[in-house]
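What follows is one structure encoded as structure tokens, with my remarks underneath.
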Amino acid sequence: MAFARFVRRAIDDARDERGWTVTDLASHTGVGRSTVFRWLAGDWQDYPELAKVRGFCAALDLPVAAAFRALGLPDAGPTPRRRHDDGPVEADVRAILDRLADPTVPAEEKHHIRDLLRYLARRPIRRAG
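As numbered in my numbering, residues 40 to 168 make up the sequence shown, in order.
In structure tokens, the structure reads:
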């Protein structure tokens with residue numbers, strides 16, 4: 040049922056953030072409405088088609104690894120590696136973006152993150168000296 044919760048949160052976020060209906064979601068992700076409803080009901084044999092899960096996640100900017108974890112797959116695929124040219128700022132930004140894309144993070148927390156980012160973006164820069 041973890042995957043059904045994952046899909047429910049993704050649908051709720053798509054509705055809240057993009058105004059998408061289930062029909063819109065199906066058309067943007069390439070996953071049919073009936074498949075989406077089966078996923079919500081937890082009605083699948085073995086695992087959902089992983090290609091469809093990947094397409095669903097890609098269209099919604101969700102981490103595929105989170106979907107695989109929700110499915111209980113032992114190998115959620117390769118973990119993203121830190122690039123050699125990534126410094127601490129890039130790593131922090133990537134972690135924030137991953138958090139905003141993760142459907143298991145509550146919408147209220149995402150709202151707080153976005154508010155803080157807007158505040159920081161508009162804050163005057165203090166120059167030393």
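For every residue, glycine included, the Cβ atom is placed at its ideal position computed from N, Cα and C.
Just so you know, these numbers come straight off a predicted model, no measurement behind them.
**Message:** Suppose contacts are defined by Cβ-Cβ distances below 7 Å. Is THR74 in contact with ALA98 by that definition?
**Reply:** Indexing the sequence shown from 1 puts residue 74 at position 35. Indexing the sequence shown from 1 puts residue 98 at position 59. In this structure, ALA98 does not lie closer than 7 Å to THR74 by Cβ.
**Prompt:** For chain D, is any of its Cβ atoms less than 7 Å away from the one on ARG165?
**Reply:** Note that chain D does not occur in the displayed structure, where there is just one protein chain.
**Item:** Nearest neighbour of VAL70, chosen from MET40, LEU136, ILE50 [CA to CA]
**Value:** For this step, residue 70 is matched to residue 31 along the sequence shown. Looking at the Cα atoms, ILE50 is the closest of the given residues.
**Asked** Can you tell me whether VAL128 is buried or exposed, with buried defined as 16 or more other CB within 10 angstroms of its CB?
**Response** Translated into positions along the sequence shown, residue 128 becomes position 89. The residue is exposed, with fewer than 16 neighbouring Cβ atoms inside 10 Å.
**Asked** Would DSSP call LEU112 helix, strand or coil?
**Response** In the sequence shown, the residue the question calls residue 112 occupies position 73. In the structure shown, LEU112 adopts coil according to DSSP, grouped into three states.
**Asked** Which term fits LEU101, buried or exposed, when burial requires 16 or more other beta carbons within 10 angstroms of its beta carbon?
**Response** Here the question's residue 101 lines up with position 62 in the sequence shown. Per the 10 Å Cβ criterion, buried.
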